[in-house]
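This note's numbering numbers the first residue of the sequence shown as 173 and each following residue consecutively.
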Amino acid sequence: MKVLVATDKPFAPVAVKGIQQVIEAAGFELALLEKYTEKSQLLDAVKDADAIIIRSDNIDKEVLDAAKQLKIVVRAGAGYDNVDLESATAHGVCVMNTPGQNSNAVAELVFGMLVYGVRNLFNGTSGTELKDKKLGILAYGNVGRNVARIAKGFGMEVYAYDAYCPAALIESDGVKSVGSTEELFKTCEIISLHIPATEETKKSINYSLISSMPKGAIIVNTARKEVIDEDGLVKALEERPDFKYLSDIKPAIDTELAEKYPTRYFATPKKMGAQTAEANINAGIAAAEQIVDFIKNGNEKFRVNK
Numbered sequence: 173m174k175v176l177v178a179t180d181k182p183f184a185p186v187a188v189k190g191i192q193q194v195i196e197a198a199g200f201e202l203a204l205l206e207k208y209t210e211k212s213q214l215l216d217a218v219k220d221a222d223a224i225i226i227r228s229d230n231i232d233k234e235v236l237d238a239a240k241q242l243k244i245v246v247r248a249g250a251g252y253d254n255v256d257l258e259s260a261t262a263h264g265v266c267v268m269n270t271p272g273q274n275s276n277a278v279a280e281l282v283f284g285m286l287v288y289g290v291r292n293l294f295n296g297t298s299g300t301e302l303k304d305k306k307l308g309i310l311a312y313g314n315v316g317r318n319v320a321r322i323a324k325g326f327g328m329e330v331y332a333y334d335a336y337c338p339a340a341l342i343e344s345d346g347v348k349s350v351g352s353t354e355e356l357f358k359t360c361e362i363i364s365l366h367i368p369a370t371e372e373t374k375k376s377i378n379y380s381l382i383s384s385m386p387k388g389a390i391i392v393n394t395a396r397k398e399v400i401d402e403d404g405l406v407k408a409l410e411e412r413p414d415f416k417y418l419s420d421i422k423p424a425i426d427t428e429l430a431e432k433y434p435t436r437y438f439a440t441p442k443k444m445g446a447q448t449a450e451a452n453i454n455a456g457i458a459a460a461e462q463i464v465d466f467i468k469n470g471n472e473k474f475r476v477n478k
């Protein structure tokens, strides 16, 4: 049984060691494809793989066609839109993610960017504080819960909306539940986005929502760039000198926005949400353990395709 770790952005060495220990203890073989530069290298490496662990690497139909023995793909992280789920299902391949393993790392980044943002990107001018501000969390999953926990430490008033999470569960964490995305945006000066990129959510964060936010509005996006309507974002930045947009994913118009709004727009150079030693280790080892459990016991607990 061969397990391939295919990462153009490699795991930390300590994470690779942990993955290796889990895989070899199960009696499986581990193969590494790190820092690859051509898709052809991935296509060649998957030919005899029974399982694949990836990060932000793309597993599309071409890769799945080449992987004749493949049984399972595990995305070390929460998001999995870099895997063609429909094609994986057609090929009889199980796809899993590792929810929760990166959640604290992403949540801490939210506040790193927020402090940077409210202090005017540390340009020397007087900024504002997070204490007593209303923070709205859109999607109350693992990351959203950690954001709420940290926000309370800052003394913020925390609200959340999640169409799939019961209001009672949100309220049990001491967070105020609202009834819609629209209500969340109208209520909160600061919005933290944690929604996946689906047909329903793509471009859903639009001009109408942004323009409805209170004075001093800030949106922090550590989710996916596809959820932002970039035309609406540009219009809001043009019309509202009080509005700031902070993102862990560069939009297509990154350079233009950075030049026009140097104190109201910021994007990390690369997606940094899961880039901590702890998250790296947790997600990698969880991926390895899920593969072993799936192969040996048929456990599909974290399966994301049908």
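Ideal Cβ placement from N, Cα and C applies to all residues, glycine included. All figures in this text were calculated on a predicted structure; none of them were measured in a lab.
Which of helix, strand or coil DSSP assigns to Thr261:
helix
Alpha carbon of Thr373 to alpha carbon of Ile367, nearest angstrom
7 Å
According to DSSP, simplified to helix, strand and coil, what is Glu210?
Of the three classes helix, strand and coil, the one that applies to Glu210 here is coil, per DSSP.
As assigned by DSSP and simplified to three states, the class of Tyr331
strand
Could you name each continuous beta strand (DSSP E) segment of 3 residues or more that falls completely within the stretch 341-388, going from the start of the chain to the end?
362-365
Please give the ranges of any alpha helix (DSSP H) in the stretch 177-211, keeping only runs that are unbroken, at least 4 residues long and fully inside the region.
Counting only runs of 4 or more, we get 185-197.
My output table needs one value for Ala250: the three-state DSSP class, helix, strand or coil.
coil
Report yes or no: do the stretch 255-271 and the stretch 283-298 share at least 3 C-beta pairs separated by less than 8 Å?
no
Which first and last residues belong to the beta strand (DSSP E) in which Asn393 is found?
390-393
So Ala348 and Ser384 are supposed to be a Cβ contact under 8 Å. How far apart are they, rounded?
Note on identity: in this sequence residue 348 is Lys, with Ala being the wrong assignment. About 18 Å separates the two Cβ atoms, so there is no contact after all.
Which stretch, first to last residue, makes up the beta strand (DSSP E) that contains Met268?
Met268 -> beta strand (DSSP E) spans 266-269.
Contact between the stretch 243-255 and the stretch 401-416: three or more CB pairs below 8 Å?
no
From the DSSP secondary-structure annotation, give me the bridge partner or partners of Phe438.
Under DSSP, Phe438 forms a beta bridge with Leu418.
To the nearest angstrom, how far is the alpha carbon of Gly351 from that of Lys174?
Cα to Cα, Gly351 sits roughly 48 Å from Lys174.
Contact the stretch 329-340 vs the stretch 307-321: 3+ CB pairs below 8 Å:
yes
Assign Ile322 to one of three DSSP states: helix, strand, or coil.
In the structure shown, Ile322 sits in a helix (DSSP, three-state: H, G or I).
Report yes or no: do three or more beta-carbon pairs, one from the stretch 184-202 and one from the stretch 228-242, lie closer than 8 Å?
In the pairwise beta carbon analysis, the stretch 184-202 is classified as not touching the stretch 228-242: fewer than three pairs are separated by under 8 Å.
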